[in-house]
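Protein sequence lines correspond, in order, to chains A and B.
In this note's numbering, each number is its position in the first sequence, counted from 1, plus 5.
In this note's numbering, each number is its position in the second sequence, counted from 1, plus 6.
Just so it is clear, CB atoms sit at the ideal spot from N, CA and C, and this is done for glycine as well.
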Amino acid sequence: MLNANVQRILPWLFPIVVISTWQLASQAGWLSTRVLPEPWAVLKAFWALTLSGEIGKHVATSTWRALVGFGIGGGLGLLLGLLTGTFRAAETLLDSTLQMIRNIPALALIPLVILWFGIDEWAKLFLVALGVFFPIYLNTFHGIRSVDKGLIEMARSYGLSGWRLYTQVILPGSVASILVGVRFSLGLMWVLLIVAETISAQAGIGYMTMNAREFLQTDVVLVGILLYALLGKLADVLAKGLERWWLRWHPGYQPNART
Amino acid sequence: MNHFDLELQALAVHAPPAFIPREASVDPRAASTTPARRPRGGAAVDARGLSKRYGARDVLNDVGLTIAPGEFVAIVGRSGCGKSTLLRLLAGLEAADAGQITLDGDARGRHQADIRIMFQDARLLPWKRVLDNVALGLTGPEVQERAREALAQVGLSDRAKDWPAVLSGGQRQRVALARALVHTPRLLLLDEPLGALDALTRIEMHGLIERLWQRHGFTALLVTHDVTEAVALADRVVLIEDHRIALDEHVPLARPRARGAAFDAIEDRVLQRVLSRPGEEPSEARPVAPPMGEWRWAI
């Protein structure tokens, strides 16, 4: 039997082994710095860029783009999902159109987006918004439709209707599904932002890595990749926190749940 | 009161006291109700010529049922006989194809707020704490107070802050009962609310429902497949068979009821009647009725 401390360390064991091997391989000269700089150099670059304020600037720019794009796309997805989920007429009118658009990969639109918006901020926001729209839209729609009919029947017979029925029964009943959409979207959000920022930008993590590539600064490229990983993880932790708070009634979403 | 009734009363008096669950004992503080919350009495229910079809299938065919104010009526019958449909028609969850329902002489729809239903599954909102579930649909002043009081009546004051997910099946049904009672209904419809509970919890719930019914004086209609439960609780047991009412049996036993010769006699009479029509099978395929010890609940 493993005790609790060993259990806690175990998930970190593999990354530690990988990084140590990598460091050793670089120091021994088996790995060229052109291919992969040693982890220590990456850390030093990270530190230097932090001190110079460059990382702060790029991370702030990227985060701003991610959040605004997520806000626009996610907000619209939520709104339209609620609309088509609630009203049959809206579903008939909009759903098949949205399903067709959904099947176009967002990145296939890049040439068109550049023609429409040029290469300024709006092009990047548009791509992010488009990408995060669909997971949230689909899951909101599905969440509304799969609220327990028995609960709605009960609430109606207890005198709830209209807005009260919506806010007390239908919305809370679909939150679990909506949050699944949010988590999907957060993953997509970074993917799309990375691509959008590598096309053309004057700031942002993507710009920083592309710039570094031109000067063969592999350590800075790795710092950029690392930042995306950290920010992605952070977004996921936030989404999990939302789940824990909004679904605290749900035994399946609590940290000590056994499901 | 005739001689037979007297005998039944005597039997009931000598019967052992009904099992009263300790946990479900009534909170003495809850007994002091303000005038506004005092029981409003039961409603008189009159249903005539009710028919309901699903596609080509008859579910109810010209069913009539009259319930006096404050009366406790149980409807029994085999699965699919239409007993739940009758209750759903009375609750207004479905519309009848023919016939009419009145409460105190008015159309049913005008009394929607006087009718509350308890479902087989408790149907608590899992995202609301127990107290907020009880307060569902309540408006006006002192919502929290009234919900707390109702919760005390079913003996669950200490679970007010819990999520429904952590309650047992019996506790969930007690919360559902409190949620129904907080509206001071004049007609309480019970759609097999104890069907999914274990035998001991069911006996506890019988006592609780009976005491609350006696205290609030609402009219109660219980749909059940358990003849014992029907005889234990109801003033009248109504059997639905072949989509119509086949038997309407009075239960003149004193409350609280306990098993005894008189209880068993009534239970047997209803069961005999149910079993004499074994579903779709031809009657000659059935052997002579088995001796008493071998009765099995077939409905």
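Alpha carbon to alpha carbon, how far is residue j from residue i? Give it in angstroms, no decimals.
i, j, result
"alanine 111(A)", "leucine 135(A)", "7 angstroms"
"alanine 243(B)", "valine 79(B)", "For the record, residue 243(B) in the displayed sequence is valine; it is not alanine. When rounded, the distance between both Cα atoms is 6 angstroms."
"glutamine 220(B)", "valine 276(B)", "24 angstroms"
"valine 185(A)", "threonine 172(A)", "19 angstroms"
"proline 27(B)", "serine 90(B)", "At proline 27(B), the pLDDT of 41 sits below 50, so the modelled position is not reliable; the number obtained from the coordinates is stated separately. For proline 27(B) and serine 90(B), the distance between alpha carbons rounds to 29 angstroms."
"leucine 131(B)", "leucine 156(A)", "7 angstroms"
"leucine 15(A)", "tryptophan 27(A)", "19 angstroms"
"alanine 113(A)", "alanine 186(B)", "57 angstroms"
"glutamine 150(B)", "arginine 114(B)", "29 angstroms"
"alanine 181(A)", "isoleucine 246(B)", "42 angstroms"
"glycine 175(B)", "serine 101(A)", "43 angstroms"
"threonine 97(A)", "glutamine 104(A)", "12 angstroms"
"serine 282(B)", "aspartate 64(B)", "22 angstroms"
"leucine 66(B)", "aspartate 232(B)", "20 angstroms"
"valine 225(A)", "alanine 234(A)", "14 angstroms"
"isoleucine 230(A)", "threonine 214(A)", "8 angstroms"
"isoleucine 21(A)", "glutamine 12(A)", "15 angstroms"
"arginine 84(B)", "histidine 249(B)", "11 angstroms"
"alanine 226(B)", "aspartate 120(B)", "12 angstroms"
"valine 51(B)", "glycine 61(B)", "28 angstroms"
"asparagine 8(B)", "aspartate 164(B)", "With a pLDDT of 47 at asparagine 8(B), under the threshold of 50, the predicted position of this residue should be treated as unreliable, and no value is reported."
"glycine 105(B)", "cysteine 87(B)", "18 angstroms"
"threonine 223(A)", "alanine 166(B)", "60 angstroms"
"leucine 218(B)", "glutamate 210(B)", "13 angstroms"
"arginine 279(B)", "tryptophan 251(A)", "53 angstroms"
"leucine 173(B)", "leucine 170(A)", "24 angstroms"
"leucine 265(A)", "alanine 244(A)", "Limits of chain A in this structure are 6 at one end and 264 at the other, which puts residue 265(A) out of reach."
"leucine 71(B)", "alanine 205(B)", "30 angstroms"
"arginine 39(A)", "tryptophan 17(A)", "28 angstroms"
"threonine 39(B)", "histidine 222(B)", "Only weak support is given to the placement of threonine 39(B): the predicted model assigns it a pLDDT of 40, under 50, and the value that follows is read from those uncertain coordinates. Computed Cα separation, rounded: 11 angstroms."
"arginine 135(B)", "valine 152(A)", "18 angstroms"
"leucine 221(A)", "isoleucine 183(A)", "43 angstroms"
Between the options, which has its C-alpha nearest residue i's C-alpha?
i, options, result
"threonine 162(B)", "Ala184(B), Val149(B), Ile215(B), Asp127(B)", "A small correction: the amino acid at residue 162(B) is leucine; threonine does not occupy that position in the sequence shown. Checking every option, the nearest Cα to that of leucine 162(B) belongs to Ala184(B)."
"leucine 228(B)", "Leu92(B), Ile272(B), Gly86(B)", "Leu92(B)"
"glycine 78(A)", "Asp224(A), Val137(A), Val47(A)", "Val137(A)"
"glycine 148(A)", "Leu165(A), Pro177(A), Arg169(A), Glu126(A)", "Pro177(A)"
"phenylalanine 224(B)", "Leu194(B), Ser174(B), Glu216(B), Arg180(B)", "Leu194(B)"
"arginine 46(B)", "Ala271(B), Asp103(B), Arg116(B), Gly76(B)", "Gly76(B)"
"valine 69(B)", "Ser57(B), Thr230(B), Ile123(B)", "Ser57(B)"
"glutamine 179(B)", "Leu214(B), Asp112(B), Asp164(B)", "Leu214(B)"
"alanine 71(A)", "Leu132(A), Ile230(A), Thr214(A)", "Leu132(A)"
"aspartate 127(B)", "Leu203(B), Ile251(B), Ala252(B), Arg279(B)", "Leu203(B)"
"histidine 63(A)", "Trp251(A), Asp241(A), Leu198(A)", "Leu198(A)"
"valine 181(B)", "Thr207(B), Glu148(B), Arg129(B)", "Arg129(B)"
"serine 179(A)", "Val118(A), Lys154(A), Thr203(A)", "Lys154(A)"
"alanine 252(B)", "Pro147(B), Ala74(B), Ile81(B)", "Ile81(B)"
"leucine 99(B)", "Ala33(A), Gly164(A), Ala50(A), Asp125(A)", "Gly164(A)"
"alanine 102(B)", "Gln159(B), Arg54(B), Pro147(B), Gly146(B)", "Arg54(B)"
So, at 6 angstroms on beta carbons, what are the nonlocal neighbours of residue i in its own chain, with the 5 sequence-adjacent residues on each side left out?
i, result
"glycine 237(A)", "Trp195"
"phenylalanine 139(A)", "Arg107"
"isoleucine 141(A)", "Gly79, Gly82, Leu83, Gly186, Ser190"
"isoleucine 272(B)", "Val237, Val257"
"serine 166(A)", "none"
"isoleucine 123(B)", "Ala97, Leu195"
"isoleucine 109(A)", "none"
"aspartate 254(B)", "Val244"
Give every residue of the same chain whose Cβ lies closer than 8 angstroms to the Cβ of residue i, excluding the five residues on either side of it in the sequence, and list them in chain order.
i, result
"serine 31(B)", "With a pLDDT of only 42 at serine 31(B), under 50, the local geometry of the prediction cannot be trusted, and no value is derived from it."
"valine 188(B)", "Val140, Ala141, Leu144, Arg152, Ala153, Glu155, Ala156"
"arginine 253(A)", "Gln259"
"histidine 117(B)", "Ala49, Leu109, Asp110, Arg192, Leu193"
"glutamine 32(A)", "Glu43"
Is residue i a contact residue of the ligand MN, with contact defined as CB to any heavy atom under 6 angstroms?
i, result
"alanine 160(A)", "This structure does not include the ligand MN; it has no bound ligands of any sort."
Among the residues of its own chain, which have a CB less than 7 angstroms from the CB of residue i, if the five just before and after it don't count?
i, result
"proline 34(B)", "With a pLDDT of only 41 at proline 34(B), under 50, the local geometry of the prediction cannot be trusted, and no value is derived from it."
"threonine 234(B)", "Glu273"
"tryptophan 69(A)", "none"
"phenylalanine 146(A)", "Gly86, Thr89, Gly90"
"threonine 230(B)", "Ala80, Val82, Glu198, Ala236"
Notebook entry, point to check: How do the region 264–281 of chain B and the region 229–245 of chain B stand: do at least 3 beta-carbon pairs fall below 8 angstroms, yes or no?
Noted result: These segments touch.
Next item on the list: Could you list the residues in the region 154–171 of chain A with a C-beta less than 9 angstroms from some C-beta on chain D, going in chain order?
Entry: Of the protein chains in this structure, namely A and B, none is chain D.
Margin query: Measuring CB atoms only, is the region 155–173 of chain A touching the region 57–65 of chain A, in the sense that at least three cross pairs come out at less than 8 angstroms?
Written below: Inter-segment contact for the region 155–173 of chain A and the region 57–65 of chain A is absent: fewer than three beta-carbon pairs are separated by less than 8 angstroms.
Next item on the list: Would you list, in sequence order, the uninterrupted beta strand (DSSP E) runs of no fewer than 3 residues that lie entirely inside the region 163–230 of chain A?
Entry: Listed in chain order, nothing qualifies, since the region 163–230 of chain A has no complete beta strand (DSSP E) run of 3 or more residues.
Next item on the list: Mind the definition here: the region 189–200 of chain B touches the region 130–139 of chain B only if three or more C-beta pairs lie below 8 angstroms; say whether that holds.
Entry: No, because fewer than three Cβ pairs between the region 189–200 of chain B and the region 130–139 of chain B fall closer than 8 angstroms, the two stretches do not touch.
Notebook entry, point to check: Hey, which unbroken runs of the beta strand (DSSP E) at 3 residues or more fall wholly within the region 61–147 of chain B?
Noted result: 63–73, 78–82, 104–109, 121–124, all fully within the region 61–147 of chain B.
Checklist line | Runs of beta strand (DSSP E) wholly within the region 75–108 of chain A (minimum 3 residues, chain order) | finding: Whole beta strand (DSSP E) segments, 3+ residues: zero.
Note to self: For a minimum of 4 consecutive residues, which ranges assigned as the alpha helix (DSSP H) are wholly contained in the region 210–242 of chain B?
What the structure shows: Segments of the alpha helix (DSSP H) lying fully in the region 210–242 of chain B: 233–239.
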